[in-house]
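Undergrad:
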Amino acid sequence: SLTTNADNTLLATGGKDYRMKIFDVEKTTEICGEMINRNVITSLRWFPNEDSTILQTGEDLQMRIWDIRVDEIKADIVVPVGKNFAICNDISPDGNHIITGHRGFDGVGCGLKLWDRRNLS
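This is the structure:
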């Protein structure tokens, strides 16, 4: 998965290597990265109007909100998403609402979940 910030100066990537990486697009260099064991990253999205905050979901059944303001990125908020991992996400223009799409198995558990960021901790 990949996403860019609003002015396309930063790129975040993540996938089967369990790592989220942040790149400076102009310099084409990695700025920072973080690995979480057994966390295949399924989706990434930059929060609107926030160059330092990224939403990430993965196969570890967690949703993370990352702060990348420092060289060492950290997950400020980690929230369980339920029994089926999220495969996609989107964020409202004001950054307060998050929607995650869940895969399920054999047609069971497929669905969408709506989250209010202000209630996450």
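Residue 376 is where the sequence shown starts when you use my numbering, and the numbers rise one by one after that.
For every residue, glycine included, the Cβ atom is placed at its ideal position computed from N, Cα and C.
Do I499 and I473 have their CB atoms nearer than 8 Å?
TA: Nothing can be reported for residue 499: it is not among the residues displayed for the chain, which extend from 376 to 496.
Undergrad: Taking the alpha carbon of N383 as the reference point, which residue from G390, M395 and F422 has its own alpha carbon closest?
TA: Here residue 383 refers to the residue found at position 8 of the sequence shown. Among G390, M395 and F422, the Cα nearest to that of N383 belongs to F422.
Undergrad: Quick check on E492: does DSSP put it in helix, strand or coil?
TA: In the sequence shown, counting from the first residue as 1, residue 492 sits at position 117. The sequence shown places Arg at residue 492, not Glu. Three-state DSSP puts R492 in a helix.
Undergrad: Quick check on this structure: which residue in L386, K391, F480 and R493 has the alpha carbon closest to the alpha carbon of T432?
TA: Along the sequence shown, read from residue 1 onward, the residue named residue 432 stands at position 57. Selected option, being the one with the closest Cα: K391.
Undergrad: How many angstroms separate the CA atom of C407 from the CA atom of V415?
TA: Taking the first residue of the sequence shown as 1, we reach residue 407 at position 32. Taking the first residue of the sequence shown as 1, we reach residue 415 at position 40. One C-alpha to the other measures close to 18 Å.
Undergrad: Pop quiz: L385 and D399 are said to be a contact at Cβ under 8 Å. What is the actual Cβ separation, rounded to whole angstroms?
TA: Here residue 385 refers to the residue found at position 10 of the sequence shown. Here residue 399 refers to the residue found at position 24 of the sequence shown. Confirmed, about 7 Å.
Undergrad: Considering only residues of the same chain and omitting the five flanking positions on each side of P455, which have a CB-CB separation below 7 Å?
TA: As a first step, residue 455 is located in the sequence shown; it is residue number 80 there, counting from the start. Counting only Cβ-Cβ distances below 7 Å, and skipping sequence neighbours, we find L436 and Q437.
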